[in-house]
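Sequence positions in the sequence shown follow our numbering and run 3 to 235. As structure tokens, the structure follows; a few thoughts come after it.
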Amino acid sequence: MTNAVYHDTVLFADRVSRVFQMPAGPVVAVRDLTLTITQGEHAAIRGPSGCGKSTLLHMLGCVDTPTSGRLLFDGHDVTTLGDRARSLLRLRQIGFVFQRFFLLPMLTAAENVELPQAEAGVPKAERARRTFELLDYVGLAPRAGHRPSQLSGGEMQRVAIARALANRPRLLLADEPTGELDQTTGEQVAALLDRVNADGTALVIVTHDPALAGRARRILTMRDGRIEHEATQ
Ligand SMILES: Nc1ncnc2c1ncn2[C@@H]1O[C@H](COP(=O)(O)OP(=O)(O)OP(=O)(O)O)[C@@H](O)[C@H]1O
Ligand SMILES: [Mg+2]
């Protein structure tokens, strides 16, 4: 019989390290770190500034490659994939949400949500349907035609979440998603992320915000490139 644990595993980081070679000497941002992310899980990563949280998230999101160790997505070793295969994996399986939203300023909310679908080859009619469904899901159907400059911070982040979900990823990664938002708006975004997770997407959030981290079932605390402590609640 196939191992059930294996089937549940979305992502397995196997002793990954990330060393940046700098003129003043190597910087070890993540060291020899092992981590399993399972289907539908809700995890938060905390830790002091500079401890390697964003670097780890970028590797989990296949935006950056470990300098040593392996990263398995769905059992496939991502570190040996070519650029195109890795981009496709990222496009189809992983959503990313950033502190500063990174919406494209010249595109409307709807066009921002549509773009990753176009890149993934989704036909136009299906894209339009899915875009409306997603903007409705994040409560922003009435803002579909607004450009980012015509949206509030919380609205921009909700569009960014809709965009991250465009191709129905199995894993959503968020780096300080409430870092730019006031408390009330941050709570709305946090509640939306909870709902995304409840609807079945694995969620890993890097945050300094104790209230946001407190919503996760699993809390990982990093220090100096390693996971120093792990708790489940
Ligand atoms: N591209 C890079 N080149 C060189 N060094 C880097 C690079 N990115 C990060 N670092 C270094 O790696 C370490 C970890 O950085 P990282 O951004 O992962 O920290 P962080 O935990 O996300 O911090 P913060 O909470 O401030 O966002 C830091 O010492 C940083 O200076
Ligand atoms: Mg960071």
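For every residue, glycine included, the Cβ atom is placed at its ideal position computed from N, Cα and C. In this text, all values refer to a predicted model and were calculated from it rather than measured experimentally.
Item                                                                                                                                                                    : Value
Using a threshold of 7 Å, is the CB atom of ASP201 nearer than that to any non-hydrogen atom of ligand 2?                                                               : no
Pair every Cβ in the segment 200-219 with every Cβ in the segment 40-47, then say whether three or more of these pairs are closer than 8 Å.                             : yes
According to DSSP, what are the bridge partners of MET24?                                                                                                               : GLY27
CB ALA45 to CB PHE103, shorter than 8 Å?                                                                                                                                : no
Which two residues bound the contiguous beta strand (DSSP E) that contains THR234?                                                                                      : 228-234
Cβ of GLY262 versus every heavy atom of ligand 1: is any distance shorter than 7 Å?                                                                                     : Nothing in the structure corresponds to residue 262, since the chain is present only between 3 and 235.
From LEU106 to ARG172, what distance separates their C-alpha atoms?                                                                                                     : 24 Å
Evaluate THR36 with the Cβ neighbour count: other Cβ atoms within 10 Å of its Cβ, from every protein chain shown; 16 or more gives buried, anything less gives exposed. : exposed
Please list the segments of the alpha helix (DSSP H) lying wholly inside the segment 110-169, counting only runs of 4 or more residues, in order along the chain.       : 111-121, 126-139, 155-166
CA-CA distance, ILE207 and GLY84?                                                                                                                                       : 27 Å
In chain order, what residues of the same chain have a beta carbon less than 7 Å from the beta carbon of VAL7, not counting five sequence neighbours either side?       : Interpretation of VAL7 is limited by its pLDDT of 49, a score under 50 that renders its predicted location unreliable; no figure is taken from the coordinates.
Classify THR57 as buried or exposed, calling it buried when 16 or more other Cβ atoms lie within 10 Å of its own Cβ.                                                    : buried
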